[in-house]
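Student: Those letters in the sequence shown? Residues 520 to 593, per the numbering used here, in order.
Idealized CB from N, CA, C, for every residue including glycine.
I'd like to ask you about the structure that follows.
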Amino acid sequence: MPPITHSFINFDVGEKAAVIIDPSVHSGQPHVSFHGRTGTVVGKQGKAFMVHLNIGKHGKDIIVGPEHLKKQGL
520 MPPITHSFIN FDVGEKAAVI IDPSVHSGQP HVSFHGRTGT VVGKQGKAFM VHLNIGKHGK
580 DIIVGPEHLK KQGL
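Structure (structure tokens):
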């Protein structure tokens, strides 16, 4: 069981977040190829967050649950 506080983490639009997959939570889990990448939060969709990652020429927007994101300091 993950800590209950992982579900209550809130991100603001424009904030940096790292995708760190928590294997104990399957809902909202991104593809394993995004693990360890850092992106910018661009919005919220339900309880999940939309994160823009700079991958390839144009980048990717992925939808990730809050349990799989970690805040990044400046």
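Measuring only the C-alpha atoms, how far is lysine 576 from proline 549?
Tutor: Taking the straight line joining both Cα atoms gives about 20 Å.
Student: What span of residues does the beta strand (DSSP E) with histidine 571 cover, start to end?
Tutor: 567 to 572 is the span of the beta strand (DSSP E), which, as asked, contains histidine 571.
Student: Would you call glycine 578 buried or exposed, if buried means 16 or more other Cβ atoms sit within 10 Å of its Cβ?
Tutor: Label assigned to glycine 578: exposed.
Student: Going by beta-carbon coordinates alone, are glycine 558 and histidine 571 separated by less than 8 Å?
Tutor: Yes, these two residues count as a Cβ contact at 8 Å.
Student: My guess is that valine 561 and valine 532 are in contact by the Cβ rule of under 8 Å, so how many angstroms apart are they, rounded?
Tutor: 6 Å between Cβ atoms; contact.
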